[in-house]
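A.B. asks: Attaching a single structure in structure tokens format; questions to follow.
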Amino acid sequence: MANVKRLNQRHFDAIRKCTILSESFGYAEGSVLIAMGNTKVLCNVSVTDSVPRFLKDKGTGWLTAEYAMLPRATHTRSDRESAKGKQQSRSIEIQRLIGRALRQSIDLKALGERTIQVDCDVLQADGGTRVAAINGAMVAIILAIRKLQYEKILNVDPFKNLITAISLGRKDGQILLDLDYEEDSSMDVDLNLIVNEKDEIIEIQGTAEHAPLPLEEMVKMVEIGLHGIGEIRTIQKNILDMA
73 MANVKRLNQR HFDAIRKCTI LSESFGYAEG SVLIAMGNTK VLCNVSVTDS
123 VPRFLKDKGT GWLTAEYAML PRATHTRSDR ESAKGKQQSR SIEIQRLIGR
173 ALRQSIDLKA LGERTIQVDC DVLQADGGTR VAAINGAMVA IILAIRKLQY
223 EKILNVDPFK NLITAISLGR KDGQILLDLD YEEDSSMDVD LNLIVNEKDE
273 IIEIQGTAEH APLPLEEMVK MVEIGLHGIG EIRTIQKNIL DMA
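Written out as structure tokens, the structure is:
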């Protein structure tokens, strides 16, 4: 594949600078601030001693997520969803994705009748907010579990697998990894890849908006995505080792 230079001089298969700051705020059981390029997401994790009604007395736990963008996370201000009286369908779709992906990281039986509540608030958006939310929240979940174990609230470790995500796109036959907003808005194909620590696929979200995507090209996109995920996973692990 050609060594195409991007506007910010990144190679086609290079991720943006990724940083994760742990324990960003003091009240939540787990809290991190993740930055992927200019996208910044605050991920807080709370744990409650209750479960949704459909799980009551089932001896199992639950993990759920909420996702929102601050009014000035984008170039122009947008109204808070609460001011409109309802969530936008995009926010609902993204938070369901985050919840589905992160439930794969937890043994819900081992969690007991508790709920892990993940709150992802986008402070600044420049593409890839949903994958940044997943990557940051994953670290925050592990920090929350460690806190509960330290406080003797949890006697077993319900964590089972590290989850990591990345975005990709394809334009005029060229695959690009970890898209910023300008790139994302011009792609023929965009894809979000979520995998576990064994590189087993948790979810693929893909849309060919302008041209169909041949299967062999999708395989290439996944391979390039796994390369970037490996780098982000290393960052996740390094933060957890230092925390």
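If you count by my numbering, then the sequence shown holds residues 73 to 315, one letter each, in order.
Built from N, CA and C at the ideal position, the CB exists for glycine as well.
#1: If we require 3 or more residues per run, which beta strand (DSSP E) segments fall completely within the segment 259 to 299?
#2: Where in the segment 172 to 219 do unbroken runs of the beta strand (DSSP E), each at least 3 residues long, occur, reported from the N-terminal end onward?
#3: Taking buried to mean at least 16 other C-beta atoms within 10 Å of its own C-beta, is residue 173 buried or exposed?
#4: Quick check: what's the CA-CA separation for residue 192 versus residue 85?
#5: Which class does residue 139 belong to by DSSP, given the choice of helix, strand or coil?
#6: Given a threshold of 16 other Cβ atoms within 10 Å of its Cβ, counted over all protein chains shown, does residue 310 qualify as buried or as exposed?
#7: My guess is that residue 170 and residue 206 are in contact by the Cβ rule of under 8 Å, so how many angstroms apart are they, rounded?
#8: So what does DSSP say about residue 102, is it helix, strand or coil?
#9: Looking at the secondary structure, which residues open and close the alpha helix (DSSP H) in which residue 155 lies?
#10: Determine the direct distance from the alpha carbon of residue 295 to that of residue 73, and round the result to whole angstroms.
#11: Beta carbon of residue 175, beta carbon of residue 121: below 7 Å?
#12: Quickly, what does DSSP pair residue 241 with across the bridge? List them, please.
#13: Does DSSP classify residue 73 as helix, strand or coil?
#14: Just mark residue 314 as buried or exposed, buried being the case when its beta carbon has 16 or more other beta carbons within 10 Å.
#15: For residue 237 versus residue 266, is the C-beta spacing smaller than 7 Å?
#16: Span of the beta strand (DSSP E) holding residue 227?
#17: Residues bridged to residue 112 by DSSP?
#18: Name the two residues that bound the continuous alpha helix (DSSP H) containing residue 256.
#19: According to DSSP, residue 93 sits in a beta bridge with which residue or residues?
#20: Where does residue 151 land, buried or exposed, given buried means 16+ other C-beta within 10 angstroms?
#21: Answer with buried or exposed for residue 143, where buried requires no fewer than 16 other C-beta atoms within 10 angstroms of its C-beta.
#22: Just to confirm before moving on: does the CB-CB distance between residue 300 and residue 249 stay below 7 Å?
C.D. replies: Per the coordinate set shown:
#1: 261 to 267, 273 to 280
#2: 187 to 196
#3: Counting Cβ neighbours within 10 Å, residue 173 comes out buried, since at least 16 surround it.
#4: 27 Å
#5: Three-state DSSP puts residue 139 in a strand.
#6: Classification for residue 310: exposed.
#7: Going by Cβ atoms, the distance from residue 170 to residue 206 rounds to 6 Å, so yes, they are a contact pair.
#8: strand
#9: Looking at the DSSP string, the run of the alpha helix (DSSP H) that includes residue 155 is 153 to 156.
#10: With a pLDDT of only 46 at residue 73, under the threshold of 50, the placement of this residue in the model should not be trusted; the figure read from the coordinates follows. For residue 73 and residue 295, the distance between alpha carbons rounds to 13 Å.
#11: no
#12: In the DSSP output, where bridge partners are listed per residue, residue 241 has 248, 262.
#13: For residue 73, the predicted structure reports a pLDDT of 46, less than 50, and the residue's modelled location is therefore unreliable. The matter cannot be settled from this model.
#14: exposed
#15: yes
#16: No beta strand (DSSP E) contains residue 227, which DSSP labels as neither H nor E.
#17: 107, 196
#18: According to the DSSP assignment, residue 256 belongs to the alpha helix (DSSP H) that extends over 253 to 256.
#19: 105
#20: exposed
#21: exposed
#22: Taking C-beta atoms as the reference points, residue 300 and residue 249 count as a pair closer than 7 Å.
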